[in-house]
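Residue numbers (mature numbering (1 follows the signal peptide of the UniProt record, and there is no 0)): -25 to -1, 1 to 151.
Glycine included, C-beta positions come from ideal geometry on N, C-alpha and C.
What follows is one structure encoded as structure tokens, with my remarks underneath.
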């Protein structure tokens, strides 16, 4: 059991390193050198971001799953409750602004595929890399949700465009 937990923590740090390398190493100009045959362009400008984590980046997942997070949360910046357990924006919101995309919508608060054109947020407050604690949406569940989401997007898009968007994304794995 300890070995499995240690392995998951190592994987998490690897994913975190990938995220930091992608943002700090490539900036918002995208990844250079991708094959034209695979993507139709030599630059990947991250048309979508997928975020995994806990309350530090929960944009409404736990609120959609269990209970609405009410006032005063969200009043100052959004002018109404936003599903976030804070009164303003989160780090993931600032990342979205910097990348020039819409704020990430919580996967659990879905209103159709059009809500996820620039990515999705699988983070929920109280989540952990370990299996169930306060939140049942631990990292394994979030990754499973992403895999289901990816399969649905590819089925709906049923084109190289849908596959290109999934393959050319910036995944944000925050420290849980």
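Residue state for residue 126 is assigned as helix, using DSSP reduced to three classes. Nearest Cα to residue 40 within the set 84, 124 and 91: 84.
The beta-carbon distance between residue 93 and residue 36, rounded to whole angstroms, is 17 Å. This is too long to meet the 8 Å contact definition. For residue 40, the enclosing alpha helix (DSSP H) has its first and last residue at 36 to 40. Close CB contacts of residue 57 within its chain, under the 6 Å cut and outside five residues either way in sequence, are with 49 (chain order). The beta carbons of residue 97 and residue 121 sit closer together than 8 Å.
Residue pairing by DSSP places residue 94 opposite 24 in a beta bridge. For residue 132, the secondary structure class from DSSP, reduced to helix, strand or coil, is helix.
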